[in-house]
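Below is one structure, written out as structure tokens; comments come after it.
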């Protein structure tokens, strides 16, 4: 399944899906190519969607007709060898659940053996402003990211300050840019604009932002010496 990784994502790549874990990010292009950036690396073709987490990387691969193959990989495997498990899935008819938007046939189904937890503490709750119509809400490990119907992004990161933001607020740097996809990692945010441009900000200690890091450079130097 694996292909040779091509390094940092190149300008002009048409991204369809994004998923962010704590230490790495996953990008799926409209051409079906999956790229990983950060502590996990690797690339693969024939993919429809991906879900990134620290313990597992789940990939939805295309198959002829309405079928698809769901695979689970160890993030550190670089998508090489055999997956941890795989199973065939039948996807819903295209556009069935989203008549006015993008076809849902490529999205991941509910994951088997998914991990979740319940807390006896009541969740944070605050009503949204009446004029704010929400399209998508992404919950990261330490922050939240909200995409409204106008394509504007509201988040807790990216405001140019180290002060903690108690709730998502509009990102001034992205005002006027319509976004199509958002993903929230451990402490970084990923957005894909309507025109296919990628915007990433936040913590980059493992290369989550698809940028070079000193720690990764030191690791590569150590491996080269060995």
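In UniProt numbering, the protein residues as written are 1 to 226. C-beta: ideal position from N, C-alpha, C; glycine also.
Look at residue 60 here: in three-state DSSP terms it is strand. Here DSSP, grouped into helix, strand and coil, assigns residue 209 to coil. Less than 8 Å separates the beta-carbon of residue 51 from that of residue 19.
Secondary structure of residue 77 (DSSP, three-state): helix. Cβ contact annotation for residue 151 (same chain, cutoff 6 Å, sequence separation greater than five): 178 and 179, in chain order. Using a 10 angstroms sphere on the CB of residue 16, the tally of other CB atoms reaches 16 or more, which defines it as buried. By the neighbour-count criterion, in which 16 or more other beta carbons inside 10 Å mark a residue as buried, residue 85 falls on the exposed side. Relative to the Cα of residue 38, the nearest Cα in the group 185, 193 and 196 belongs to 185.
For residue 138, the enclosing beta strand (DSSP E) covers residues 134-139.
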